[in-house]
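Numbering (our numbering), first residue to last: -10 to 38. Quick reminder that beta carbons are idealized off the backbone N, C-alpha and C, glycines included.
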Amino acid sequence: MDTWPKNTVRCVLVIYVIVSFIQYISTIYSNKNMLQFIYKFKISKTIFL
């Protein structure tokens, strides 16, 4: 009975991490402004370097 809550909390944490990771990736891929920002950042890095 003592190990059951720990396993449940671990499962919930793993599910939460996976869901937040998927949301993070989908936000990056769906947000064109973010992609433009990364592109400009790469260009500015190559210019300065």
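CA-CA distance, residue 11 and residue 35?
Position 22 of the sequence shown, counting from 1, holds the residue named residue 11. Position 46 of the sequence shown, counting from 1, holds the residue named residue 35. Taking the straight line from one Cα to the other gives about 30 Å.
Would the beta-carbon of residue 24 fall within 9 Å of that of residue 14? Within the sequence shown, residue 24 is the residue found at index 35, counting from 1. Within the sequence shown, residue 14 is the residue found at index 25, counting from 1. Going by C-beta atoms, residue 24 is not nearer than 9 Å to residue 14.
For residue 7 and residue -5, the rounded distance between their alpha carbons: Reading the sequence shown from its first residue, position 6 is the one you call residue -5. Reading the sequence shown from its first residue, position 18 is the one you call residue 7. So the two alpha carbons sit approximately 18 Å from each other.
Nearest-angstrom Cα separation, counted from residue 32 out to residue -2: As a first step, residue -2 must be located in the sequence shown, where it is residue number 9. As a first step, residue 32 must be located in the sequence shown, where it is residue number 43. Residue -2 and residue 32: Cα-Cα distance of roughly 44 Å.
>> Whole angstroms are fine: how far does the CA of residue 19 sit from the CA of residue 30?
In response: Looking up residue 30 in the sequence shown gives position 41. Looking up residue 19 in the sequence shown gives position 30. Rounded to whole angstroms, residue 30 to residue 19 spans 18 Å at the Cα level.
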